[in-house]
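All residue numbers for the sequence shown refer to the working numbering, where the first residue is 48 and numbers rise by one.
Cβ atoms here follow ideal geometry from the backbone N, Cα and C, with glycine treated the same way.
Predicted model, so just to flag it, every value in this text is computed and none were measured.
The next block holds one structure in the form of structure tokens; read it before the comments.
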Amino acid sequence: MLLQVSNITKSYGVNVVLSNISMQVQERERIGLVGVNGAGKSTLLKIIAGEMSADSGAIHKAKETKIGYLAQNSGLQSNRTIEAEMRAVFAHLLDAEQELRELEIKIADPALHQDEKRYASTLDRYSKRSDEFREQGGFEINTRINSVLHGMGFGNFPADTLISTLSGGQKTRLALARILLQAPDLLMLDEPTNYLDIETLTWLESYLRGYSGAILVVSHDRYFLDALAQTIIEIERHVSKRYTGNYSRYMELKAAEYEINMRQFEKQQDEISRMEQFVQRNIVRASTTKRAQSRRKSLDKMDRLDKPQGDLKKAQFTFEIERSTGKDVLGISDISVTFPEKEVPIFRNVSFQLTRGETVALIGPNGIGKSTLLKVIVGQNQPTTGTIKFGSHVKVGYYDQEQTRLNGQNTVLEEVWGEYSHMEEARIRTVLGNFLFSGEDVLKRVSSLSGGEKARVSLAKLMLAQANLLILDEPTNHLDLFSKEVLESALLDYEGTLLFISHDRYFLNKMAERIVELKPSGTDHFLGNYDEMIEKKLEIEEARLEASSKQASGSKSATVSDNVPANSYEADKQAKREERARQRKLEQLEQDIAALEQQILELEEQLTDPSIFNDYVRIQEIQAVIEARKTSLASAYEEWEQYM
């Protein structure tokens with residue numbers, strides 16, 4: 048065990064943030080810490096890191112355990128270059144390397160050879176220091192630095208780039224790179240996926256899965272938590288609860304747990320009601336008084352269950368449209384953008400169309416110009432070349448990820464009411480209540496709001512616009528997992544047209560019907576969501592490799608052999624695609640079968656628990672769940688056999 052958190056409590060004035068929080072972190076464990084915005088996740092990390100004190104409770108860790116903590120949006124503040132900052136992580140090894148160079152000079156000095164004792168001592172010192180240097184990774188310093196910098200998107204940055212010249216997002220990514228190089232025993236990360244594009248996110252997931260230490264991460268990225276976490280710790284209503292598995296598994300367990308607890312509560316309530324009715328009917332009758340008194344005593348002694356608390360209150364909203372557009376909503380033709388300080392365009396030859404009711408995602412690496420393109424579409428920036436044409440009756444609603452359209456001096460109420468002054472105050476307050484701003488919350492200054500709260504204000508304004516074309520720039524940034532689900536639900540029910548930028552792969556999978564990938568030379572287009580785009584790219588790459596192989600072996604055609612007609616080639620490609628789909632389905636079924644078998648085993652073990660086998664109601668519930676799982680298992684085996 049690396050870390051033990053025992054009964055941590057923290058309050059700000061009368062507001063309790065954490066109450067008796069306890070948790071353990073084992074070696075190499077990957078823990079996702081989840082909860083709504085304001086639940087106290089970041090506060091807990093700061094207490095563990097020693098940056099904040101708790102009101103009560105204790106933190107126990109092994110003396111030699113090294114903890115690394117990266118706070119949310121905390122970028123490096125340094126006057127060093129990128130290379131100097133990264134090499135500073137290995138200062139002890141660089142000192143050891145310098146000592147080795149000095150020892151080599153001494154060993155080469157003929158004068159030292161005259162003194163056998165000193166010469167032997169120097170050789171021994173050199174041997175020991177050389178072994179330590181090698182064991183601690185001294186020879187891999189440059190490789191590790193280059194690998195992490197490349198993975199975090201700094202591969203093309205000159206090594207002598209001053210950190211002070213980087214943007215806020217770049218400084219945050221560099222701070223993450225630095226802490227990865229430090230490789231602490233327990234790595235604590237607060238929203239590490241902020242400011243990361245999809246390519247960098249994928250690299251980070253792979254790196255962290257192979258990380259030698261333990262990881263405790265706060266994240267609102269469901270795809271990231273599913274790929275990395277082995278344990279989820281939820282902080283809700285100031286207390287914590289531990290679940291085994293990734294985020295999707297946690298959601299299943301939590302829902303099942305609530306259902307079981309609610310059934311137990313309802314059964315007990317029914318039993319209490321029957322006993323109370325019996326007492327009322329029989330307490331005054333001489334022949335049944337004793338039995339009624341006995342039931343009353345049983346009622347008094349009964350350990351009554353509390354009603355299970357459901358989900359926390361969520362924002363509630365829908366995006367409605369004032370009127371429909373024509374079939375053609377937006378046409379973009381040969382757009383290029385060149386900034387005044389640059390000679391070459393950041394992108395060019397960008398063309399695509401939107402038709403009524405489409406949901407299209409715009410993706411690409413950081414810095415490629417996605418936000419710039421959206422600003423060109425909504426008229427905030429001008430293109431260098433190209434044309435933009437809107438269809439009939441188009442009303443645009445634009446969501447800016449940087450929230451520059453909010454006035455920090457306004458209260459929440461003033462910010463929304465000022466834009467929709469024709470509405471009654473009661474209507475505005477009702478809307479804000481749906482976005483979780485109730486009572487005195489509407490009088491908070493916008494400048495004092497958290498990132499998630501500012502996002503909700505912007506979404507409230509967007510909802511009231513009743514636009515039939517929504518253009519959203521990173522709409523899920525700063526939203527907690529619950530708010531993301533509400534936003535997804537609202538957008539899935541939206542009857543207008545949607546164009547959005549996102550690095551949230553779960554959101555892309557759920558929302559995108561078509562993906563436009565922005566590149567410096569133009570755009571690539573893919574039908575389907577993110578996973579389908581990745582599959583298509585793999586197919587294209589396989590076809591390219593196959594073509595290269597044929598070309599290398601003397602084939603006259605890079606794509607179709609002289610002896611094989613085109614339709615045969617397409618049939619072969621389709622067969623390969625179907626085989627990959629079959630393999631994926633088999634793998635998924637095998638995972639489902641393994642999970643069901645494990646669940647059945649765990650449930651059967653519960654039946655041997657002394658605290659359970661005397662409770663016939665609980666036994667019946669568990670046996671019912673076991674039967675349901677066995678039915679699902681049988682169905683899974685049948686389907687598995689069909690694919691074999």
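Tell me whether the beta-carbon of residue 55 lies closer than 8 Å to the beta-carbon of residue 94. Against a cut-off of 8 Å, the Cβ pair of residue 94 and residue 55 comes out as a contact.
Which whole runs of the beta strand (DSSP E) in the segment 547 to 612 are 3 residues long or more, in chain order? Scanning the segment 547 to 612 from its first residue to its last, the whole beta strand (DSSP E) runs of 3-plus residues come out as 561 to 566, 569 to 574.
In angstroms, rounded to a whole number, what distance separates the CA positions of residue 276 and residue 215? Looking at the two C-alpha atoms, the distance is approximately 28 Å.
Counting beta carbon pairs with one atom in the segment 215 to 229 and one in the segment 117 to 124, are three or more of them shorter than 8 Å? Counting Cβ pairs under 8 Å, three or more are found: they touch.
On the DSSP bridge assignment, give the partners of residue 394 in chain order. Checking the DSSP bridge columns, you'll see residue 394 partnered with 384.
Could you tell me which residues DSSP pairs with residue 261 in its beta bridges? By DSSP's assignment, residue 261 forms a beta bridge with 233.
Residue 437: first and last residue of the uninterrupted beta strand (DSSP E) it sits in: Segment 432 to 437, the beta strand (DSSP E) holding residue 437.
Does the segment 296 to 310 come close enough to the segment 354 to 371 that 3 or more CB-CB pairs lie under 8 Å? Enough Cβ pairs lie closer than 8 Å, so yes.
Nearest residue (CA-CA) to residue 444, options 513, 460, 115: When each option's Cα is compared against that of residue 444, the closest is 513.
Pairs of beta-carbons, one from the segment 516 to 525 and one from the segment 541 to 553, closer than 8 Å: are there three or more? The segment 516 to 525 makes contact with the segment 541 to 553; the number of CB pairs closer than 8 Å reaches 3 or more.
Quick one: is residue 683 buried, meaning 16 or more other Cβ sit within 10 Å of its Cβ, or exposed? With 16 or more Cβ atoms within 10 Å of its Cβ, residue 683 is classed as buried.
Taking the alpha helix (DSSP H) that residue 772 falls in, what are its first and last residues? Any property of residue 772 remains undetermined from this structure, which presents the chain solely from 48 to 691.
I'd like the list of long-range same chain contacts for residue 614, defined as Cβ closer than 8 Å, with 5 residues on each side in sequence excluded. With a pLDDT of only 49 at residue 614, under 50, the local geometry of the prediction cannot be trusted, and no value is derived from it.
Of all the options 442, 241, 270, 488, which has the alpha carbon lying nearest to the alpha carbon of residue 462? Here the closest residue by C-alpha is 488.
If I'm right that residue 237 touches residue 92 with Cβ under 8 Å, what's the distance once you round it to whole angstroms? The Cβ separation is near 6 Å, so the contact holds.
Report the residue ranges of all beta strand (DSSP E) runs contained in full by the segment 181 to 252; include only those spanning at least 3 residues, in chain order. Fully enclosed beta strand (DSSP E) runs of no fewer than 3 residues occupy 233 to 237 of the segment 181 to 252, in order along the chain.
Own chain partners of residue 545 with C-beta closer than 6 Å, once the 5 adjacent residues on each side are dropped: Within the same chain, residue 545 has close Cβ partners 406, 517.
Which residues share a DSSP beta bridge with residue 378? Note: residue 378 sits in a beta bridge opposite 400, 436.
Just the C-alpha distance for residue 562 and residue 450, rounded to the nearest angstrom, thanks. One C-alpha to the other measures close to 25 Å.
Report, in whole angstroms, the separation of the C-beta atoms of residue 495 and residue 456, which I expect to be a contact under 8 Å. The pair is not a contact, with the Cβ atoms about 11 Å apart (cut-off 8 Å).
Tell whether a beta-carbon distance below 8 Å holds between residue 48 and residue 73. Yes; because the gap between Cβ atoms is below 8 Å, this pair is in contact.
Using 8 Å as the cut-off, can you tell me whether the segment 79 to 89 makes contact with the segment 277 to 297, which would need three or more C-beta pairs spanning the two stretches below that distance? Proximity of the segment 79 to 89 to the segment 277 to 297 meets the contact definition, three or more beta-carbon pairs being nearer than 8 Å.
Contact between the segment 130 to 150 and the segment 254 to 263 is defined here as three or more beta-carbon pairs at a separation below 8 Å; is this criterion met? The segment 130 to 150 makes no contact with the segment 254 to 263: fewer than 3 CB pairs, one atom from each, lie closer than 8 Å.
Would you give the residue range spanned by the alpha helix (DSSP H) that residue 446 belongs to? Run containing residue 446: none in the alpha helix (DSSP H); it sits in the beta strand (DSSP E), 443 to 446.
Please confirm whether residue 265 and residue 80 have their CB atoms less than 8 Å apart. Taking 8 Å as the cut-off, the Cβ atoms of residue 265 and residue 80 count as close.
Three-pair Cβ contact test at 8 Å for the segment 367 to 380 versus the segment 428 to 444: When C-beta atoms of the segment 367 to 380 are compared with those of the segment 428 to 444, three or more pairs fall below 8 Å, so the two segments count as touching.
When DSSP builds the beta bridges, which residues end up paired with residue 116? In the DSSP assignment, residue 116 forms a beta bridge with 235.
Pick helix, strand or coil for residue 615, following the three-state DSSP scheme. Annotation note: pLDDT 48 at residue 615 (below 50); position unreliable, coordinate value reported separately. Note: residue 615 maps to helix in three-state DSSP.
By DSSP, does residue 530 sit in helix, in strand, or in coil? Here residue 530 sits in helix by DSSP.
When you compare the segment 382 to 397 with the segment 562 to 581, are there three or more beta-carbon pairs, one atom per stretch, that lie closer than 8 Å? Yes, the segment 382 to 397 is in contact with the segment 562 to 581.
Measure from the alpha carbon of residue 436 to the alpha carbon of each residue in 377, 299, 170, then state which is nearest. Of the listed residues, the one whose Cα sits closest to residue 436 is 377.
For the beta strand (DSSP E) containing residue 67, name the first residue and the last one. Segment 62 to 72, the beta strand (DSSP E) holding residue 67.
At least 3 beta-carbon pairs within less than 8 Å: the segment 638 to 649 vs the segment 668 to 677: These segments touch.
Within 10 angstroms of its Cβ, does residue 577 collect 16 or more other Cβ (buried), or is it exposed? A buried status is given to residue 577, since no fewer than 16 other beta-carbon atoms sit within 10 Å of its beta-carbon.
Does residue 107 come out as helix, strand or coil in the three-state DSSP assignment? In the structure shown, residue 107 sits in a strand (DSSP, three-state: E or B).
C-beta contact flag for residue 329 and residue 343 at 8 Å: Judged by beta-carbon spacing, residue 343 lies beyond the 8 Å limit of residue 329, meaning their Cβ atoms are not closer than that value.
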